[in-house]
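Okay, so here's the structure we're looking at.
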């Protein structure tokens, strides 16, 4: 049994991680921590776990944690995470980090978009970007996984086959995405007050969303050259899911059938990426670790649609997929 | 033209009042006030008024207001309202007050449920309860209207024909109601954070909701004797509307047809109360000042269903209906 | 491994059953059938199973089924079910039947509410009502389970402790319930067309809902005497969940604390019934087999709130809980 | 008083037109028609008009209609409309046609996308495209208005200032739009069954949506040269509104401030187009005839956001705006 600690267990990705580990046949929760004011019995913090989980969420105590767990799912926010990850690693745990702190390799870019100095560049260097469908081999031996952002997961899975094969212009990719509101986290705000968000949809983060440089970095790794992405997120009136609509210019004329075959071949054998024969719907992936993709050829452009659950494949599910890989477990455990 | 001031214009009932007055052919907005931190151009405070209303919301200045308006729609919260209403009356304005401060005639009950001493008992005495379908004559000559609560409006219109005619036991009435979330006001909270409220429904205010004594008081006036009501509100995942399901025991055997005729006769000539031949749906009254009612006879019990929009018939629309009556205008102006 | 067949696999309860069995460690799907026009690969019929289930849904062939499965989850509609259940039993399968055909013991009542003659009274007699928290012992040895209706499940769990202990008047119980729209099944209709149902709530089945006699029969069994229930369902704008608000008159004075203790004792040791210390929210049980209950004492009346997921504890989850009991498995397998 | 007939009054755009005309101070409904099976009292067909409209919807009788109305709002579907419009014109009525039949000037394109031969090319030639902000002068003298499609309205208002001033490349415009479900009409379907559409979002009409050639034609008229638009619609879980996100390549370097000024100048004096200083939200225009626009400059691309209500500015509101213009009324009557 892999013993799992969740650091920052009181938020939405913490809850989703608890939910998945409870169903996991070869992993068990052994330690949960959060800020002191958010501690308490799991079933008090999240009433949906009443009778399902007897653990307490407690203030982080690294000494206590050491020896209690084999892996930490670190669900702390950006900037906070890099303060704790070094301690978790030092305590001998594998770490899957949900924050952006170990995703952006270029600290200048990180510091520009996150407005803080990076304080753990040593670990940043060895962190592996945890998108298993693209970087499975590196993940296998890693101690520290930078679990991808939700938008990058959906967008990168959508365009990886094109970038890897050099089929599209890399200076004019547009990623238009709509996310459900669980992506905004659990803290109440004016924008996401029910009477404001219900029956509403709007764009945000125009030109400034932090997932844009992350997408560009990883897209560049896949393509082997610089990639320029215009990423525009929107918030829509639903709980879970991200629908990405990606527009690209092909480098040369290809047919829709050729693209479809390319995608099916690229993702052959992947449990969690399904190439569909029609436009995906977020409801079909909600609550699952699956990504549904449909590439189309429209008016000499390629339009790729992808759907994921932002809390599962876009966060906790992917983290546990990474955990399964690191510990040599069947990759789909707890996630089918 | 009736000149209308809105005091407390920055909340949902303020916005709804603005919306209605903008369409009103014989009334015009002349003054809007709110707390200093919520002031600004109407179209900044509420982007839906961009290009539709050029007014400013400004900190309340009674001197300035005097002479600018004939009537104040006072959208202040409970307890705050009774601090300002005396000044508005003194300035010579008619006042339609949205708070509970002038609804509960028994100050002991008021003080128990609202946990504050009543500071304006003089005006409390002469305030008229502004449910036009039941108290139109008193409203005509009134200077101060206590605009009814949203739940009491739906419930009282549902049971008034029964109470007025002494047809039901007055010690066992149950009002089960579900409200949309605009009823909770504009301030963000954990309960009404979109990911908490979406796809959810729950009861609240169990045994303690402040609209219970208000219902009982007015029901007592209608019945001419004490009435005991068990009122249980629920919050449901929609913006607007209250569906009330009222359960009563008839005093003697009557048929469904007799009840239907009773309701149709009782509300004959009323523009805003429609007796339906099937269960009402909140969507059919959303955005309108109408109340749809359907009385049914089930297993020797009477079950009456009513639907209103909590922000219109349950607040701003009813206030303007009251205003129309006071100023001798056609009662439906701005509201059809 | 228990081999599971699902008869009528193309509807919502079929899909939910597939979802649960896919996560079940000691049961496996071996046969799925539906009407010929609804057959095909599971992942075509339900895109959410893409890559998760390789089975075909095929037209029912009892001969083929025999020997392939140990138990049939029979998700056929009322009236249709009793045509197939005898054949499934004859083929040697245990049957958990989702329809109402084996729930109502009094065929006269059945025939009045379902408007059809009962054609399988032999099996009706030996069918066991599958509410494990109340009838676990009988379920253990049963060949045919009448899986309870969704509304009766929520209502009966809410009032069983009161009825069992003779604490309430049995002639004046009111069950007011709101259900999500998955309860209406998968066939499009005007009422449940998105623009009609969204932002809406309304009552239906006034005085005629078929779950009323089912509730009364089982409540009578629990109480040991006739019970009269006024049941009023409503449809609300969400996918999953039933919130029941049950109003009763206590026979004698008792305190809130006494009731709370009664409930905690009554459901002590039950995995799936959780007695809460505040009003339950359907979102906390959505997607789970749990029932959250909160009993309150208001103005000399008892008001009990219960929340379940209509597709899980109200249908497929409870069916699999029954299956687990019949086959001597841990009762919570696949359902935690 | 302008006397208004609504042909095809039983659908959503018919209902919205009724709603607006009821509030219109210088127009009145005099005749409503629909298919025989959808006729009846307005308040039976649409319960929300109970007590608000005493008219009957009746089978179309051109003879009766002649003399009863000055203008017909023709809410018939594509293909059907061109069978009736010639008769309405012959009867001496002005016609505002909601269908696509008189929008596409090139009958070859029309016949390709609508799969039917055009049978009224005479009137097609003289029909004026009813987007008042761009074609007000032609509308003034017109007898037949082709009321724009909902998506073209939102997209064209977003890009008109750019096209008119030759500021963007016309071969690479992408219009990504999300519409609420009222746009799908009132007939139930699997896709828009509540449990399918709720909590869902998906793309549709990939490469084939009929509003694409309409957008391109009118964009071409505005630009004075061919315009190629990649239009991708999505359906989102809300009733009303279209959010368009339009991506363009500027021809030369310009600043965000210059674009903002361009937009403000272009729409100066337009009542219904508001240039905003942040991303528009559909909820702010829902139920209104307004279009909110925000142009942004991101990574050398121009991204323009626009929000409208598909049933108002995208259909009935715009039709009545056109009607106001034709009859020399104040353009905003009934629509403020």
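Protein chains in written order, with the numbering used here: chain V, 459 to 794; chain C, 459 to 794; chain F, 459 to 794; chain H, 459 to 794.
Heads up, the beta-carbon is just placed ideally off N, CA and C, and yes, glycines get one too.
In DSSP terms, what residue i is bridged to
i                     : result
residue 485 (chain H) : H:460
residue 651 (chain V) : C:651
residue 584 (chain C) : Answer is none; residue 584 (chain C) lacks a bridge partner.
residue 691 (chain H) : H:635
residue 491 (chain V) : V:465, V:516
residue 626 (chain C) : C:708
residue 661 (chain F) : F:692
residue 739 (chain H) : V:660
The beta strand (DSSP E) enclosing residue i, as first and last residue numbers
i                     : result
residue 706 (chain F) : 700-706
residue 756 (chain V) : 749-756
residue 760 (chain F) : 759-766
residue 733 (chain C) : 731-733
For residue i, the three-state DSSP class (helix, strand or coil)
i                     : result
residue 552 (chain H) : strand
residue 573 (chain C) : coil
residue 499 (chain F) : strand
residue 558 (chain F) : coil
residue 615 (chain C) : helix
residue 543 (chain F) : helix
residue 603 (chain H) : strand
residue 533 (chain V) : coil
residue 677 (chain V) : helix
residue 668 (chain H) : coil
residue 578 (chain V) : coil
residue 567 (chain H) : helix
residue 538 (chain C) : coil
Contacts around residue i, its chain only, beta-carbon distance under 6 Å, and the 5 residues preceding and following it disregarded
i                     : result
residue 528 (chain C) : 460, 461
residue 558 (chain V) : 536
residue 546 (chain V) : 530, 553
residue 634 (chain C) : 690, 703
Same chain, Cβ closer than 8 Å to residue i, five either side skipped, listed in chain order
i                     : result
residue 579 (chain V) : 565
Residue i: first and last residue of the uninterrupted alpha helix (DSSP H) it sits in
i                     : result
residue 784 (chain F) : 775-784
residue 480 (chain F) : 470-480
residue 595 (chain H) : 590-598
residue 724 (chain H) : 714-724
Whole-angstrom C-beta distance between residue j and residue i, which should lie under 8 Å
i                     : j                     : result
residue 704 (chain C) : residue 613 (chain C) : 6 Å
residue 738 (chain F) : residue 650 (chain C) : About 17 Å separates the two Cβ atoms, so there is no contact after all.
residue 677 (chain C) : residue 471 (chain C) : No, residue 677 (chain C) and residue 471 (chain C) are not in contact; Cβ-Cβ is about 24 Å, not under 8 Å.
residue 563 (chain V) : residue 582 (chain V) : 7 Å
residue 740 (chain V) : residue 701 (chain V) : 5 Å
residue 625 (chain C) : residue 494 (chain C) : Not a contact, Cβ separation roughly 52 Å.
residue 771 (chain C) : residue 747 (chain C) : 5 Å
residue 542 (chain F) : residue 532 (chain F) : 7 Å
residue 500 (chain F) : residue 515 (chain F) : 6 Å
residue 680 (chain F) : residue 551 (chain F) : No, residue 680 (chain F) and residue 551 (chain F) are not in contact; Cβ-Cβ is about 29 Å, not under 8 Å.
residue 477 (chain H) : residue 744 (chain V) : Going by Cβ atoms, the distance from residue 477 (chain H) to residue 744 (chain V) rounds to 35 Å, so no, they are not a contact pair.
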